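In the working numbering, the protein residues as written are 78 to 744. Yeah, the Cβ is synthetic: ideal placement off N, Cα and C, and Gly gets one too. What you are looking at is a predicted structure, and each value in this text was computed from that prediction instead of being measured.
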Ligand code: GLC
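In structure tokens form, the structure reads like this:
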């Protein structure tokens, strides 16, 4: 049961659709008080048995207990344990233990969640402003609560099936020939591939909706040349529009007044990749419609997918910040002998990016009212992606377009997927990826994934192999890396056989993964679940954070430590272990409920098949165009009769136009 509690005069975030009447009685699941400054705080005593699930894209565990988090969409590539905010804000929690209920704190402003950090037995929610809505959701189980949240926030965006293919990206494919080399690198080595990403390098001077004539000549025919190889190109679109006289998007946006402003009415400016930019006011429906219509130029060139970036929005500097730093330097006493002053100096000169002060200086036009950005900060990326997605309804009415975003808020899951931003080539980031996936699923972000191999710092062969062995199970399976880092394509580490084996296995599994994904989309469910969601009476399962259920048939226990020969795994029920190598079953073993040591070499992928369930595998192919589901190989726990309902469609028509089409596979 969902109850809505309204505090003050909140701005509609767009997360919840449909009318829910506010409750007139007091919020009783949480204790409410005001701090010394008059700010609302909501408190809850936690029982020892309570697990706190949620927060979507956030650092740390599946169980969020023991840390403090702040929902404030942040461009921060160093996702270390002490961080409180990442790129998305997903203010949804489920308390599961002695009690079982969910909370959705709906506000575009920042919110702090102290989940047993100050006091292990207490949850304290501190919104930064007193205008907000809290939804409480009582349900039978965590999954029931997730489904109820989805009912009020809407069903998830559906990606095209080709987006389940393997995708290669890198910031620094400077020319069409660089992209051709990547495509050939994969095809030559028989490593399947469905897409190559175009980072900011494809643009002219990093200007949105432009393509460099010099480096990507005859773009349209280049797109179809790649398409003939079974490869789609996926260009990036950044939030900031370059300030440059004569650049049509800038000129139009300025003339129509579609950019964010300062308090004095002038257009707000901040430096991002193109240099000084203006930010389109995505909170204004007219500006949204205008920006969205611009994707047409790329769709017309044959493009079928996009990634929206820098939309927290990220700011490298502002004129205000630069002047303040210059003033500070001018008056700085370099002869002083005080280390603290020098620390302050480097902080001031080096701290020009993403300043809260600069965010507070941005103003939006919301229904004719000038609203300070701090009140709606977490909604900016959401509305950029909404702009694209709403435009695709008109520009591509019959065919799905791939769209995912870096920054997000609950509600954006109706319009697109997400990737989890700039991670690093660290082993700990495989684990973070594992833990984040079910939390994202809880909030409706079903089409999601991390930069496999790590975005920043240098990747190694073993790291990439282990990461791919997990990435096989995430809807977005994309290898992406930063300019200047070691090459990270699957053919960059010598012998390619192991890479070919892992990615071919992904393709053998795509019909199953897509089927499970579609069922989750169509029934407001989760495709990737923590063990505790299904084995709620099993304390070991509830506390397991590094194993996941992928759809109805399998459990995975990825290896995320360097030099490990395998890992310990907990089986909450009897299961069949299958070790895949070269995309085929290498060994298989029945294992009983309990703890086991699992051996798996770098080129092997362990998968656990659940009792009474079936895992269908199909022929390995080079790209999703070639998928053929006619002759499945059926793997099961044992030889007792069982069946699997395979969801199938053409992978591209809009779901609303499709009948739900299932095929029963049985042994
Ligand atoms: C941001 C994105 C990253 C991209 C880079 C250059 O850091 O998160 O994925 O490669 O910008 O566009």
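Shown here, residue 671 sits in a strand according to DSSP, grouped into three states. Separation of the CB atoms of residue 319 and residue 348 is rounded to 10 Å, and the pair is thereby denied contact status at 8 Å. Under the 10 Å beta carbon count, residue 642 is surrounded by fewer than 16 other beta carbons and is classified as exposed.
The Cβ neighbour count for residue 424, taken over all protein chains shown within 10 Å, is under 16; the residue is labelled exposed.
Proximity of the beta carbon of residue 644 to the ligand GLC is not indicated: no heavy atom of the ligand is located closer than 7 Å. Set against 7 Å, the gap from the CB of residue 258 to the closest heavy atom of the ligand GLC is not smaller.
Taking a 10 Å sphere around the C-beta of residue 338, we find 16 or more other C-beta atoms and assign the residue as buried. The closest heavy atom of the ligand GLC lies 7 Å or more from the beta carbon of residue 94. Sorting 603, 406, 387, 536 by C-alpha distance to the C-alpha of residue 639 places 536 at the top.
Residue 131 has 170 as its beta-bridge partners, per DSSP. DSSP places residue 383 within a strand segment (E or B) once states are collapsed to three. For the pair residue 382 and residue 240, the CB atoms are nearer than the 8 Å cut-off. For residue 493, the CB contacts under 6 Å within the same chain, skipping 5 residues up- and downstream, are 234, 462, 466, 480, 481, 482 in chain order. Inclusion of residue 483 in the 7 Å shell around the ligand GLC follows from its C-beta lying nearer than that to a non-hydrogen atom of the ligand. As DSSP reads the structure, residue 652 sits in a beta bridge with 668, 687. Relative to the ligand GLC, residue 498 has its C-beta within less than 7 Å of a heavy atom. With respect to the 8 Å criterion, residue 84 and residue 146 are not classified as neighbours on the basis of their beta carbons.
DSSP, reduced to helix, strand and coil, places residue 598 within a helical segment of the structure shown. Here residue 673 is buried: its Cβ has 16 or more other Cβ atoms, across all protein chains shown, within 10 Å. One thing to note: residue 568 has its Cβ within 8 Å of the Cβ of residue 266. Rounded to the nearest whole angstrom, the C-alpha separation of residue 460 and residue 717 is 50 Å. Under DSSP, no beta-bridge partner is assigned to residue 248. Spanning the alpha carbons of residue 129 and residue 402 requires a straight line of approximately 42 Å.
In this structure, residue 88 lies away from residue 512, with their beta-carbon atoms at least 8 Å apart.
Exclusion of the five residues before and after residue 287 leaves 280, 281 as the residues of its chain whose Cβ lies within less than 7 Å of its Cβ.
Assignment of beta-bridge partners to residue 437 by DSSP yields no partner. The ligand GLC has no heavy atom closer than 7 Å to the beta-carbon of residue 293. The C-beta distance from residue 692 to residue 686 rounds to 5 Å, short enough to meet the 8 Å contact threshold. Residue 110 sits in a strand when the DSSP states are folded into three classes. Excluding sequence positions up to five before and after residue 430, its CB lies within less than 8 Å of the CB of 152, 391, 392, 393, 394, all in the same chain and listed in chain order. Nearest in C-alpha terms to residue 721, of all of 372, 125, 589, 278, is 589. Beta-bridge partners assigned by DSSP to residue 191: 145, 201.
Here residue 224 has 601 as same chain residues with Cβ atoms under 6 Å from its own Cβ, once five neighbours each way along the sequence are excluded. Judged by DSSP in its simplified three-state form, residue 728 adopts coil rather than helix or strand. Boundaries of the alpha helix (DSSP H) around residue 619: 616-619. Of the residues assessed, residue 202 falls on the buried side of the cut-off, its CB having 16 or more other CB atoms within 10 angstroms.
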